[in-house]
Amino acid sequence: MSKILLAHGGGGREMHELLRELFSIVRKTKVGNEIGLDESDDGASLTINGRIVISTDSYTVSPIFFPGGNIGKLAAAGSINDVAVMGAEPIAALDGLIVEEGLPLAELKEIIKSLVTTFEAENVALIAGDFKVMPRGKIDKIVINTTVIGTVKDHIITDSGAKPGDKVIVSGTIGEHGATILALQIGIDAEKENLKSDCEPITRIMRIAKEIAKIHAAKDPTRGGLAMTLNEIAEKSGVRIDVDEEYIPIRENVRALCEMLGVDPLWLACEGRVVLVVSGDVAEDVVDSLRSAGYKDASIIGEVRKGKPYVVLKTLSGGLRLLEKPTGEIVPRIC
Ligand code: MG
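Counting from 1, position 247 in the sequence shown corresponds to residue 506 in the numbering used here; the numbering is continuous, with no gaps.
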């Protein structure tokens, strides 16, 4: 058996054999003595004292393998990040896999291995899951849903806490995930162009930043890129945000691809970066700590002001322009 068959989703013996094989990849299947994936019961259990943050997302990225990761790594990191940017520590995850009949088993295993490895590296238990098979042509290869649960130690960080006088920090170069997927979708050899997705958990960045400063707002600039994230923070916080293009870190090859295709790099998704809004007097310290921890492109890119909820970009040529929310389908199936 080297390909997924409809029978693998049928709930019978074939499914049980396949799932046993796939389960063997997962090592952290429960939190403490709770009921987890091992039990194959109807659900998992958790005992939680205090507040939790929970987030769910479905991943449909095309292609499913790309430089820097695959749909499995993305599905784990993406939902971990949504919980982490809210100030929580991810502890447990659930996944739902919908697979197209005919997907090579080796590919499925590689995807699950990436998903599991990413969760394990973050000490996140994969406590429950679901597996379905769809007939050939009814779905494109694989769709993964992940739900991540995190516990809140101090306070929840939202998109709405930015205050005038705050500074805006980005944790690294932007647009790499979006540029990589965009390149692959239009037939450019991303690897040859040295394009690589930035897909990875941002939990460590959050921990470092939280230790130095009270974070007023945080968000991972995924779909819609930095432009969308800044607009959301400005709108929800009721503030104006001024950013300086000169300080926004963008890799040369991402910039070149964007210029060639007429795409704004500020619209392209990141999958391993965070936008942090902190008080002006601690912003330098946060950036210094991130840089010395290896996030060498972390930068202060702008500041929060009193005013209408606009994002104003000071361009490289010195002019000012409104940085608007992206419209239309920038890159389909980016995540
Ligand atoms: Mg998010």
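All residues carry an ideal CB built from backbone N, CA and C; glycine is no exception.
Residue from the options with nearest C-alpha to residue i
i	options	result
residue 384	261, 445, 304 and 455	304
residue 359	485, 556, 465 and 403	403
residue 386	436, 380 and 287	287
residue 293	306, 267 and 300	306
residue 432	466, 343, 418 and 525	525
residue 344	568, 352 and 481	481
residue 594	434, 269 and 277	434
residue 448	512, 487 and 430	512
residue 537	367, 417, 279 and 392	417
residue 315	341, 290, 298 and 323	341
residue 588	368, 484 and 419	484
residue 289	298, 522 and 308	298
residue 395	266, 581 and 550	266
residue 520	322, 437 and 579	437
residue 268	391, 291 and 278	391
residue 323	363, 487 and 498	363
residue 565	494, 302 and 487	494
residue 595	331, 502, 553 and 452	Residue 595 lies beyond the residue range present for the chain, which begins at 260 and ends at 594; the question has no answer from this structure.
residue 514	555, 553, 548 and 453	453
residue 522	331, 590, 291 and 553	590
Nearest-angstrom Cα separation, counted from residue j out to residue i
i	j	result
residue 348	residue 468	14 Å
residue 527	residue 516	11 Å
residue 583	residue 264	46 Å
residue 262	residue 357	14 Å
residue 569	residue 422	14 Å
residue 475	residue 492	10 Å
residue 544	residue 470	11 Å
residue 424	residue 338	31 Å
residue 466	residue 457	19 Å
residue 445	residue 400	19 Å
residue 375	residue 450	25 Å
residue 285	residue 563	44 Å
residue 572	residue 281	48 Å
residue 276	residue 370	18 Å
residue 271	residue 398	22 Å
residue 274	residue 366	17 Å
residue 586	residue 487	10 Å
residue 498	residue 489	10 Å
residue 581	residue 539	23 Å
residue 301	residue 279	16 Å
residue 518	residue 506	18 Å
residue 313	residue 479	15 Å
residue 368	residue 309	36 Å
residue 551	residue 477	21 Å
residue 260	residue 549	47 Å
residue 555	residue 567	33 Å
Residue i and residue j closer than 7 Å at C-beta
i	j	result
residue 361	residue 389	no
residue 530	residue 462	no
residue 410	residue 350	yes
residue 509	residue 426	no
residue 504	residue 575	yes
residue 592	residue 320	yes
residue 325	residue 352	no
residue 440	residue 546	no
residue 472	residue 534	no
residue 561	residue 500	yes
residue 412	residue 327	no
residue 225	residue 459	Because the chain spans 260 through 594 in this model, residue 225 falls outside it and cannot be assessed.
residue 318	residue 296	no
residue 430	residue 496	no
residue 329	residue 373	yes
residue 346	residue 415	yes
- Query: In chain order, what residues have a CB nearer than 7 Å to some heavy atom of the ligand MG?
  - Reply: 340, 341, 344, 478, 479 and 481
- Message: If we require 4 or more residues per run, which alpha helix (DSSP H) segments fall completely within the segment 405 to 453?
- Response: 435 to 444
- Message: Give the list of continuous alpha helix (DSSP H) stretches no shorter than 4 residues that lie fully inside the segment 287 to 370.
- Response: 330 to 343
- Query: What are the complete alpha helix (DSSP H) segments, minimum 4 residues, inside the segment 463 to 550?
  - Reply: 484 to 496 and 511 to 520
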